[in-house]
Amino acid sequence: MLCPKCKHDDTRVLDSRDTNEQREIRRRRACNRCNFRFTTFERTEFTNFLVIKKDMSREPYNREKLETGIWKACEKRPITVEQISGLLDHLEEKWANQGREITSQTIGEDIMHGLRDIDEVAYIRFASVYKQFQDIATFKRELQKLLE
190 MLCPKCKHDD TRVLDSRDTN EQREIRRRRA CNRCNFRFTT FERTEFTNFL
240 VIKKDMSREP YNREKLETGI WKACEKRPIT VEQISGLLDH LEEKWANQGR
290 EITSQTIGED IMHGLRDIDE VAYIRFASVY KQFQDIATFK RELQKLLE
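Under this note's numbering, the first residue of the sequence shown carries the number 190, and numbering increases by one thereafter.
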C-alpha cells in the first residue's frame, strides 16, 4: 500500500477492525519510511457489472460517479457518510444479484427510493435532476406524491 504522504510502498498494518456490519475491514497503517499513519478500508467488490444507459450504450459501473451525484443532492443536509455508504452497499448487493448488466433507470429509481427514506429534501433534489423536471408543475406533482 502506498503511503499518501511520501509515496513509499512499504507500509505496515497497526490495527484491523470489522466495520459496516462486517462488510468492511478498517486498517490503520504506518509508513516504514516517514512513519505517517493513515487508514484504509477493504471491502468485497460487488461492482463488476455494466450500466445500460438511456441511449443503450454500456459503461462499467462507477461507485464514485454515483456517490458524487448523491452528495450533490445531500448538500447542507444532516446526512452522514455512513448513511450514503450503507445505501450504496445495500443497492450494489441488490444490483449484483440481478446479473451482469443493469439499466441506469433501475439505478436512478433505487437511489430515489433510498434517499426518500433518508431525507425528503435530498430525495426531491435528486429526483429533480434524475427526472429532468422541466417546469414547476412537474416539481409540484412530485411534491404531492411525497406528501401522500
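Cβ atoms here follow ideal geometry from the backbone N, Cα and C, with glycine treated the same way. Computed from a predicted structure; not experimentally measured.
Between the beta-carbon of Ile307 and that of Ile268 there is about 6 Å, and that keeps the pair under the 8 Å contact cut. Contact check for Ile291 and Phe238: beta-carbon distance about 6 Å, within the 8 Å limit, so the pair qualifies. Taking the C-beta atoms as reference points, Asn224 is found no nearer than 8 Å to Asp278. Within 10 angstroms of the beta-carbon of Gly288 lie fewer than 16 other beta-carbons, which makes it exposed.
About 7 Å separates the beta carbons of Arg218 and Arg201, which is inside the 8 Å limit, making them a contact pair. Using a C-beta cut-off of 8 Å, the segment 258-267 makes contact with the segment 312-321, since at least three inter-stretch Cβ pairs fall below that distance.
Spatial neighbours of Lys242 in its own chain (CB-CB distance under 6 Å, excluding positions within 5 residues in sequence) are listed in chain order as Ser293. The C-alpha of Ala285 is placed about 33 Å away from the C-alpha of Gln323. Pairing Arg222 with Ser205, the inter-Cα distance amounts to about 21 Å.
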